[in-house]
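All residue numbers for the sequence shown refer to my numbering, where the first residue is 872 and numbers rise by one.
First the structure, in the form of structure tokens, and then the observations on it.
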Amino acid sequence: MKLKYSLITRRQFLNTLFGGSLLAFFSGTLFPLAKFAFPTLGKEPDFVVLNKTDFAAIPNNSAKIFAWGGVPGIYLKKEDGSTAALRGVCTHMECNVAYRPAEKKFYCACHKGWFDETGKNIAGPPPKPLEFFEVMEKGEKMIIARKGAKVDLAKV
872 MKLKYSLITR
882 RQFLNTLFGG
892 SLLAFFSGTL
902 FPLAKFAFPT
912 LGKEPDFVVL
922 NKTDFAAIPN
932 NSAKIFAWGG
942 VPGIYLKKED
952 GSTAALRGVC
962 THMECNVAYR
972 PAEKKFYCAC
982 HKGWFDETGK
992 NIAGPPPKPL
1002 EFFEVMEKGE
1012 KMIIARKGAK
1022 VDLAKV
């Protein structure tokens, strides 16, 4: 059966087919590209369990890096022997920070941001202080958790 006229033209059909293929291509490639560019987005844990003996030999006024999801965490042993743990990225643009024992400060090399030992921003562009964690010990394990996170020590 031959129709006298069509509801769409050949050009409209080809344009729709071409547009649909472009949409399928870009939707299939943008998600993997975004996942590659931001691999740790939304993957930070509420707590991590570490071996306490790995951190026992740290001298005073020094720091050691540990894995906090996809970003570094810093375990700090202050000069008086007290300890603290913090998220090791700058609050300005998520660059890694490093502890400088001579100055007793944290330094972000990306935009010359400085933080004191308490995590307070003291120079440069960082808008807010570093995020500190709670440090708990249970036997030979050390649990580092976000402040306010619920950790069941019986299951750890």
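Glycine is no exception: its CB is placed at the ideal position from the N, C-alpha and C atoms.
Distances from the alpha-carbon of P972 to those of S892, G1010, C981, E950 put E950 closest.
If you draw a straight line from the Cα of L957 to the Cα of H963, it comes to about 15 angstroms. Per DSSP, A938 is one residue of the beta strand (DSSP E) stretching across 933-939. Proximity of the region 929-940 to the region 886-894 falls short of the contact definition, fewer than three beta-carbon pairs being nearer than 8 angstroms. Among the bridge pairs identified by DSSP, K1009 is matched with K1012. Bounds of any alpha helix (DSSP H) do not take in T954; it lies within the beta strand (DSSP E) bounded by 954-958. Going by beta carbons, A934 and Y970 fall inside the 8 angstroms limit. For I1014 and T924, the gap between their C-alpha atoms comes out near 13 angstroms.
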